[in-house]
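In this note's numbering, the protein residues as written are 4 to 293.
The next block holds one structure in the form of structure tokens; read it before the comments.
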Amino acid sequence: MIGQLIMTGIVAGSIYALVALAMSLTYKSSEVANFAQGEMAMFSTYVAFVMLATYQLPFWVAFGGSLLFAFLLGLFLHLAIIRRAKDPNVLNLLIITLGFQVFLYGLAGWKWGSEQRVLKIPMSQTETVEFAGLIISQLNLATILVAILLMISVYILLRFTKLGLAIKATQQNETAAKINGIPTRRIVAITFGISSVIGAVAGILMAPITTLDPNMMIEPLLKGFAAAVLGGFNSLAGVVCGAFILGIVESLFGFYVSTEFKSIVAFLIIVIVLYFKPSGLFGTHHTRKV
């Protein structure tokens, strides 16, 4: 039973990890958590739904089209909105992302309404496979595998490509990166696009598990934020570990204590971690010396 609960927690943690990873990327590049990440993922998922239901396109074409839209949406947020802000501080940027979140939420509600829809994907939620004595649905197994594959892809991008090197240089010291000829504004915009793609994958994996509606990503966003706080916003590996820890703790808490109150675990973790270790379990705290 414990193994089955841990497997359930890993499935939830995979979704939280993708959201947390997306938020951490934008935070490391702009020093602000993008709270529009959830609504951007939700809107991109609706784009996939329209391609599937209205235009009858194959799933993989709709999936690719949705990711392309998500990338362009991330670019739009940075180039058309964030970059246009005059002398923004962290609070200003945070409010901008919250405003964009409300805009996308309202636009989705106006366009598609609050009706709950079903996003059909090739993986089944009812057909199961047995793995190491544990039973898991095809959809949940695909969620775990896709999340791991995407995390590995992000690691390879940042570790072994010129773009990844430019992203890390911009994140570490934007001024020094500019001096060395790196187009930092363009790199930050691309980072927003990549994070939006990661969030869109989380949304597409989330929609078949729950339902597709404008509220679908509110809870995953909060849980992803909690995971990022737990692991440490400035550590990509940390936020992933924090997400899986949160997912497993939630699953065990829901079974042994109460399913009604398991959602409070994430917020309780935020309070405890911020009190005892503000930088997170795996994050580092940098002190500026003047």
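We treat Cβ as the ideally placed atom computed from N, Cα and C, and that holds for glycine.
It should be emphasised that the depicted structure is a prediction, and the values quoted were computed from it without experimental measurement.
In chain order, each alpha helix (DSSP H) run of at least 4 residues that lies wholly inside the region 181–230: 187–212
S17 in three-state terms, based on DSSP: helix
Whole runs of the alpha helix (DSSP H) within the region 10–94, excluding any shorter than 4 residues: 40–56 and 62–79
N- and C-terminal bounds of the beta strand (DSSP E) containing E133: T131 to F134
Run of the alpha helix (DSSP H) containing S261, from where it starts to where it stops: Neither: S261 is in no alpha helix (DSSP H) and is coded neither H nor E.
For S140, the residue or residues it bridges with in DSSP: T131
Proximity to I84 [Cα-Cα], best of F195, L208, G12 and P281: F195
Sequence-distant residues of the same chain with beta carbon closer than 7 Å to K123, five excluded per side: L55
Inter-residue Cα distance where the pair is A23 and K265: 19 Å
L255: CB within 7 Å of a non-hydrogen atom of the ligand ADP: Because no ligand of any kind appears in the structure shown, any question about the ligand ADP cannot be addressed here.
Cα-Cα separation between D90 and L137, rounded to whole angstroms: 54 Å
Bridge partner(s) assigned by DSSP for R162: The partner list for R162 (beta bridge, DSSP) is empty, contrary to what the question assumes.
CB contact flag (L21, A205, <8 Å): yes
For F236 and V242, the rounded distance between their alpha carbons: 6 Å
Straight-line Cα distance separating A210 from V105: 20 Å
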